[in-house]
Amino acid sequence: MSKRKLIAKELAEVFKIIAHPDRIRLIEELGSDEKDVNSLIAALELPGPRVSQHLALMRAHRVVEERREGRHHVYRLLQPQIAEWILEGLDFIEGKNHAVPESAIRTAKALWTQS
């Protein structure tokens, strides 16, 4: 397999892993700092098992890393630059997608830059 094909395949795998709204939001939450599962559940307003399933998938694909702090499971992004990719994606949405109001995009950008 050529190097370009190999790189394209690997990048496609990364995109598959992050191509879910809940996982994008998890990346957003973890973009600036590590957080425990309960904090992620509260911030995302999602059921615990759902958050745990997403984190397990992301851990299996080396997007996040887990450590234990007593009884708490704490997660962080292995490569925080992935959160920057998502932020840059907002610019793409802003330029291409008229289904999302500009005010919603501005609000999302403000939330991401505060993290």
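What the sequence shown shows, in the numbering used here, is residues 5 to 119, in sequence order. The C-beta atom is built at its ideal place from N, Cα and C for all residues, glycine as well.
Taking C-beta to C-beta, are Arg63 and Leu48 nearer than 7 Å? no
Residues in the same chain with beta-carbon distance under 7 Å from Val104, minus the five sequence neighbours each way, listed in chain order, please. Ile97
Work out the CA separation of Pro51 and Arg8 for me, nearest whole Å. 40 Å
Beta-carbon within less than 7 Å of Ala84's beta-carbon, same chain only, minus the 5 sequence neighbours each way: which residues are those? Rather than Ala, the amino acid found at residue 84 in this sequence is Pro. So the list reads Gly35, once near-sequence residues are dropped.
Less than 6 Å between the CB of Gly74 and some heavy atom of the ligand HEM, yes or no? In the structure shown, the ligand HEM is absent, as is every other ligand, since no ligand is present at all.
Please tell me whether Val78 and Asp37 are closer than 7 Å, where the distance is taken between their beta carbons. no
Quick one: what's got a C-beta closer than 6 Å to Arg66's C-beta in the same chain, skipping five residues either side? Leu82
What's the C-alpha gap between Lys6 and Lys13? Here residue 6 turns out to be Ser, not Lys, going by the sequence shown. For Ser6 and Lys13, the distance between alpha carbons rounds to 11 Å.
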